[in-house]
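Colleague: Going letter by letter, the sequence shown gives residues 1045 to 1147 in the working numbering.
My structure is below; once you've seen it, I'll send some questions.
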Amino acid sequence: AFAQSWVGERQSSAPRGQRLLRYELLGKGVQAEVAEEAVLSVDDRTAALAVARGRAHRLAGLEFRVFSQRLGGFLRRRGFAYDDIQEAVRTVWNETAPESDRR
1045 AFAQSWVGER QSSAPRGQRL LRYELLGKGV QAEVAEEAVL SVDDRTAALA VARGRAHRLA
1105 GLEFRVFSQR LGGFLRRRGF AYDDIQEAVR TVWNETAPES DRR
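Below, the structure is given as structure tokens:
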């Protein structure tokens, strides 16, 4: 009960990837099986995209390489997997970059 409620609260205030959420729950003394079950409800792709969209305005005007490094690092530090990060970075870049710079 605590783990499920904590994950829900965490996702609404400061979304994280399953990996980081699991680590935080284990740090709070939650059993591994309970932590694993609690984080299964988190959709990492959707959460990574939401976090990336929220951060993108701070990176406006950068070239793709720098944009990708900074946003990717930000998402990595929040526990998202490489594939989810790559998809989120490309999607947000294509949504926010000028037409001539899109990939």
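We treat Cβ as the ideally placed atom computed from N, Cα and C, and that holds for glycine.
Shortest alpha-carbon distance to histidine 1101 belongs to which of Arg1134, Phe1046, Ala1141?
Modeller: As a first step, residue 1101 is located in the sequence shown; it is residue number 57 there, counting from the start. Nearest option by C-alpha distance: Ala1141.
Colleague: Looking at glutamate 1080 and arginine 1066, is the spacing between their C-beta atoms short of 8 angstroms?
Modeller: As a position in the sequence shown, residue 1066 is number 22, starting the count at 1. As a position in the sequence shown, residue 1080 is number 36, starting the count at 1. The answer is yes: Cβ separation under 8 angstroms.
Colleague: Can you tell which of Gly1061, Gln1048, Gly1052, Ser1049 has the C-alpha that lies nearest to the C-alpha of aspartate 1127?
Modeller: Taking the sequence shown and counting its residues from 1, the one referred to as residue 1127 is at position 83. If we check each option's Cα against that of aspartate 1127, Gly1061 comes out closest.
Colleague: Alanine 1096: which of Arg1063, Trp1050, Phe1124 sits nearest, CA to CA?
Modeller: Your numbering for residue 1096 matches position 52 in the sequence shown. Among Arg1063, Trp1050, Phe1124, the Cα nearest to that of alanine 1096 belongs to Phe1124.
Colleague: Taking the alpha carbon of glycine 1001 as the reference point, which residue from Glu1139, Ser1057, Ser1056, Ala1058 has its own alpha carbon closest?
Modeller: Nothing in the structure corresponds to residue 1001, since the chain is present only between 1045 and 1147.
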